[in-house]
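> Chains as they are written, first to last, in this note's numbering: chain A, 1 to 113; chain B, 114 to 222.
All C-beta atoms in this analysis are idealised placements derived from N, C-alpha and C, irrespective of residue type, glycine included.
Everything numeric in this text was worked out from a predicted model, so none of it was measured.
#1: List, in order along the chain, the chain B residues whose C-beta lies closer than 8 angstroms to that of residue 143/A?
#2: Using a 10 Å radius around the Cβ and a threshold of 16 neighbouring Cβ atoms, would you call residue 84/A buried or exposed?
#3: Less than 9 angstroms separating the beta-carbons of residue 135/B and residue 125/B?
#4: What residues from chain A crowd round residue 214/B, counting only those whose CB sits closer than 8 angstroms?
#5: Tell me where the beta strand (DSSP E) around residue 33/A begins and ends.
#6: Here's a check: name, in chain order, each residue in its chain whose Cβ is nearer than 6 angstroms to the Cβ of residue 214/B, leaving out the five neighbours to either side.
#7: For a contact defined as C-beta to C-beta under 8 angstroms, what are the partners of residue 115/B on chain A?
#8: Alpha carbon to alpha carbon, what distance is there between residue 221/B and residue 127/B?
#9: Can you pull the chain A residues whose beta carbon is under 7 angstroms from the beta carbon of residue 224/B, in chain order?
#10: If you draw a straight line from the alpha carbon of residue 36/A to that of residue 90/A, how long is it in whole angstroms?
#11: Do residue 108/A and residue 11/A have their C-beta atoms within less than 9 angstroms of each other?
#12: Express the C-alpha separation of residue 206/B and residue 190/B in angstroms, rounding to a whole number.
#13: DSSP three-state label for residue 198/B, please.
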């Protein structure tokens, strides 16, 4: 079975802190994705990566950056956390580009105070 | 702009009954894949069913089936013989990397 893990299930940070959310997949998937999930807004794509060291902006990249130094790991970085970044963050991975099923991690519920 | 609409924020169904969740979308692409995902309470999102747009036959997966109307850009999910374990948030993803806002399904015993 594909396994996607995220470094923290719950995280509480202060405004202005630098926050790292880590995601690791164990199925050698080419593609990895970061979404944020908010009530009434569904899932919105922040960034994605089709290969190591590659990244592409999604629909809401402002205030975020990403890093993919290894194929299995995709990190989401909040350079200076703000209260409006309080949300559930979901990581996903897949084989192919859009045609393939995405496998999701359990999510990180981030609260920024 | 590509849009996805799930017009039913919440739905409920009696156990063993059938329920249909709607999803419409707008895209200019002609060849694409459509997905329904399920997110149970406090659990990971998982795939329910997948449909290839070039296939005329609607996908079926046990009690789950879709009604795909390509010209109408409609992609509904039918759940037959609903079970308590079907209670979840359901998201359609008919356009690459774009999800609907979700439908919260409650199953009543």
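Per the coordinate set shown:
#1: Since the first and last residues shown for chain A are 1 and 113, residue 143/A lies out of range.
#2: Here the question's residue 84/A lines up with position 84 in the first chain. Result: exposed.
#3: Translated into positions along the second chain, residue 135/B becomes position 22. Translated into positions along the second chain, residue 125/B becomes position 12. In this structure, residue 125/B does not lie closer than 9 angstroms to residue 135/B by Cβ.
#4: Position 101 of the second chain, counted from the first residue, corresponds to residue 214/B. Within chain A, the residues near residue 214/B are 40, 41, 42.
#5: For the purposes of this step, residue 33/A is taken as residue 33 along the first chain, with counting starting at 1. Residue 33/A: member of the beta strand (DSSP E) spanning 31-38, first to last residue.
#6: As a position in the second chain, residue 214/B is number 101, starting the count at 1. Shown here for residue 214/B: same chain residues with a beta carbon closer than 6 angstroms to its own, the five before and five after excluded, namely 119 in chain order.
#7: Within the second chain, numbered from 1, the residue matching residue 115/B stands at position 2. Going along chain A, no residue has its Cβ under 8 angstroms from residue 115/B, so there is no contact; the nearest lies around 10 angstroms.
#8: Counted from its first residue, the second chain places residue 127/B at position 14. Counted from its first residue, the second chain places residue 221/B at position 108. Taking the straight line joining both Cα atoms gives about 5 angstroms.
#9: The structure shown does not extend to residue 224/B, since chain B spans only 114 to 222, so no value can be given for it.
#10: Stepping through the first chain from its first residue, residue 36/A is reached at position 36. Stepping through the first chain from its first residue, residue 90/A is reached at position 90. If I take the Cα positions, the gap works out to 6 angstroms.
#11: Taking the first chain and counting its residues from 1, one reaches residue 108/A at position 108. Taking the first chain and counting its residues from 1, one reaches residue 11/A at position 11. Against a cut-off of 9 angstroms, the Cβ pair of residue 11/A and residue 108/A comes out as a contact.
#12: Taking the second chain and counting its residues from 1, the one referred to as residue 190/B is at position 77. Taking the second chain and counting its residues from 1, the one referred to as residue 206/B is at position 93. For residue 190/B and residue 206/B, the distance between alpha carbons rounds to 12 angstroms.
#13: Reading the second chain from its first residue, position 85 is the one you call residue 198/B. Reduced to three states, the DSSP call for residue 198/B is helix.
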